[in-house]
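Those letters in the sequence shown? Residues 660 to 1034, per our numbering, in order.
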Amino acid sequence: MEYDAVVVGAGVAGSIAAYILAKEGFKVAIIEKEELPRYKLCGGAISNKTLNFLKKIGIKIDEDIVENRIKEVEVHTPNFSRYLHVDIGILTYRDKFDYFLTKHAINNNCSVIKARFIDLKQNEDVQIKTTKGTLRARYLIGCDGVNSTVLIKSRLGKIKGENLVLAIESEYRDAEFDVLKLYFGYVNFGYAWIFPKRHGTTVGIGTFSNDSKRTLKSSFSKFIKDVGLKPIKFMAHNLPYAGSVKKPSKGKVAVAGDAASCVDALLGEGTFFAALSGYLAAESVIEALEKDSNLKNYNKKFKKIIAPELNTSIKLSNLFYSNMNFSYFILEKGGFEDILKKIANSSKPFTSVYKKVILHALKRYPEFLLRKLFS
Ligand SMILES: Cc1cc2nc3c(=O)[nH]c(=O)nc-3n(C[C@H](O)[C@H](O)[C@H](O)COP(=O)(O)OP(=O)(O)OC[C@H]3O[C@@H](n4cnc5c(N)ncnc54)[C@H](O)[C@@H]3O)c2cc1C
């Protein structure tokens, strides 16, 4: 047996999974196709709940990787703007952030193999075919992102096109903005953002709507122009819509993070559930290693802890984006401030706010809400 566990992908999910296993003394390797630190298209907003979670598992964030602290958010709609005083997290660049996490695994004797995962075979153990040869491990965790090969090769599922969010981003090195800004109204079922950082500004737009995906490039161009920026090189990438993968493990193979479709459906935040699912997958592997059993426990934990949050994020997303007049009303009256704080800070980000949103809506928009709930 070469490894107790192999993890594919050195993103947030993979680095955390490998760190947890390596810290407990297991023989673990990460297979990563890119040279580290690798570029990752992302806004780099890391919420307080993620930072708290990392702290709980022994990872304290280095000031070096903090590009900005989010203390205020400016929300724009077609008719008004609102300034929110919310302490919700940090901004970073994902190459630095992810490599910082990977190093925690490496410092606990995890090896990193620069290779592409190609295929797997499950028998007593897992045979893992890569571009650098075949490895054997007792367990495999696929954290290889939205286009996960592990997900497909293990027959755990496939994330369909309609379950993907499309996002576009440009990295401005010279633009100067003083505060994080969110813009609603440029796309249906989505929003645009300006994330100011110490070494530049990340500007982007994303949508859940299939119709808006077709015109996202022109919506982005209009947005860029309206905020006074010149068009520069942009990149597009998909995010997996919350909860497309129902059972994230089969036999001795599990998936976590984007590979398990762990992005919330309201704001498109993926790093919290990537960290949490990576942790739960690793914890389940540790339990299974002791009994030489399969990873059914991970399915149970995922169903109990992650699925309710992702499912509630879908409900809130439908409520928020399907009647923007209602949402603008909540934004204008200040209801969004408390909700955003809770989503950013609570370890149960969506189930903890759902009741509050419904009560708020029931008072202000009873007809709309009843129609929505019973349609
Ligand atoms: C434009 C955009 C903006 C976003 N903004 C935010 C934000 O501000 N905040 C937030 O929380 N989330 C944001 N997200 C979502 C977030 O980026 C993802 O949810 C998160 O990166 C998921 O982490 P992960 O570890 O699962 O996967 P990834 O970060 O995608 O890591 C997967 C790793 O696997 C490697 N890999 C892939 N295939 C193979 C293979 N076959 N063999 C070996 N290695 C492989 C890749 O190189 C990569 O390093 C954004 C996403 C996009 C597209």
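All C-beta atoms in this analysis are idealised placements derived from N, C-alpha and C, irrespective of residue type, glycine included. Since the structure is predicted, the reported quantities are computational estimates derived from the model, not experimental observations.
Roughly how many whole angstroms lie between the Cα atoms of residue i and residue j?
i	j	result
Leu999	Ala919	25 angstroms
Val734	Tyr842	6 angstroms
Lys872	Cys701	18 angstroms
Gly902	Ala834	36 angstroms
Lys1007	Asp997	15 angstroms
Thr751	Tyr742	22 angstroms
Glu946	Glu661	19 angstroms
Lys1001	Asp746	10 angstroms
Lys974	Phe685	40 angstroms
Ile679	Asn766	12 angstroms
Lys812	Val944	19 angstroms
Gly703	Asp723	14 angstroms
Glu942	Asn970	23 angstroms
Leu713	Ser1005	14 angstroms
Gly910	Phe879	43 angstroms
Gly865	Gly820	15 angstroms
Asn982	Val1016	14 angstroms
Lys762	Arg1023	50 angstroms
Val862	Met894	11 angstroms
Asp954	Ser908	Residue identity check: residue 954 is Leu in the sequence provided, not Asp. Straight-line Cα distance between these residues: approximately 6 angstroms.
Leu888	Ser877	14 angstroms
Arg728	Pro890	27 angstroms
Ala1003	Tyr1013	14 angstroms
Leu990	Phe759	36 angstroms
Are the beta-carbon atoms of residue i and residue j separated by less than 8 angstroms?
i	j	result
Arg912	Leu799	Residue identity check: residue 912 is Val in the sequence provided, not Arg. Taking 8 angstroms as the Cβ cut-off, Val912 and Leu799 qualify as a contacting pair.
Lys832	Gly859	The residue asked about is misnamed: residue 832 is Arg in this sequence, not Lys. Yes, these two residues count as a Cβ contact at 8 angstroms.
Ser706	Gly670	no
Leu1010	Glu968	Checking the sequence, you will find Thr at residue 1010 rather than Leu. Yes. Within cutoff.
Phe854	Ser976	no
Leu875	Ile827	yes
Lys962	Leu815	no
Ala681	Cys769	yes
Val665	Gly673	no
Val846	Glu731	no
Phe979	Ser986	yes
Ser829	Lys892	yes
Ala796	Asp923	no
Ser824	Tyr900	Per the sequence presented here, residue 824 reads as Val, with Ser not at that position. Yes. Within cutoff.
Arg857	Glu726	yes
Any heavy atom of ligand 1 within a distance shorter than 7 angstroms of the CB on residue i?
i	result
Arg697	yes
Leu700	yes
Cys802	yes
Leu760	no
Phe776	yes
Lys692	yes
Thr874	no
Glu828	yes
Thr930	yes
Ala1003	no
Ala941	no
Asp917	yes
Leu898	yes
Val838	no
Gly863	yes
Thr808	yes
Val667	yes
Ala796	no
Ala924	no
Ala933	yes
Ala1020	no
Val846	no
Between the options, which has its C-alpha nearest residue i's C-alpha?
i	options	result
Val687	Arg873, Lys708, Ala677, Lys714	Ala677
Ala764	Arg1023, Asp997, Gly937	Gly937
Phe776	Gly673, Asp746, Glu691	Glu691
Ala774	Tyr758, Asn766, Thr793	Thr793
Ala940	Asp951, Ala934, Tyr957	Tyr957
His896	Ser943, Pro1025, Asp917, Asp951	Asp917
Phe882	Pro737, Ser981, Lys1014, Ala933	Pro737
Asp757	Gly887, Tyr698, Ser880, Phe712	Tyr698
Asn806	Asn982, Lys1022, Val904, Phe836	Val904
Asp649	Val785, Tyr850, Asn970, Ile965	Outside the displayed span of the chain (660 to 1034) sits residue 649, for which this structure offers no information.
Leu898	Leu888, Phe932, Ile716	Phe932
Trp852	His744, Glu928, Glu991	Glu928
Gly717	Ser740, Pro696, Phe739, Glu683	Glu683
Thr709	Gln781, Leu935, Leu990	Leu935
Ser740	Gly993, Lys1014, Glu1026	Gly993
Gly844	Thr789, Asn984, His744	Asn984
Leu948	Asn711, Lys755, Asp754, Glu783	Glu783
Whole alpha helix (DSSP H) runs in the region 782 to 866 with 4 or more residues, listed along the chain?
Residue ranges of uninterrupted alpha helix (DSSP H) with 4 or more members, entirely inside the region 782 to 866 and ordered along the chain, are 808 to 812.
At 4 residues or longer, what runs of the alpha helix (DSSP H) sit wholly inside the region 922 to 953?
Taking 4 residues as the shortest admissible run, the region 922 to 953 contains the following complete alpha helix (DSSP H) segments, listed from N- to C-terminal end: 930 to 950.
Where in the region 972 to 1017 do unbroken runs of the alpha helix (DSSP H), each at least 4 residues long, occur, reported from the N-terminal end onward?
Runs of the alpha helix (DSSP H) spanning 4 or more residues and lying entirely within the region 972 to 1017 occur at 983 to 991, 994 to 1004, in chain order.
Pick out the complete beta strand (DSSP E) segments inside the region 683 to 726, 3 residues or longer, and give them in chain order.
The qualifying runs are 687 to 691, 704 to 706.
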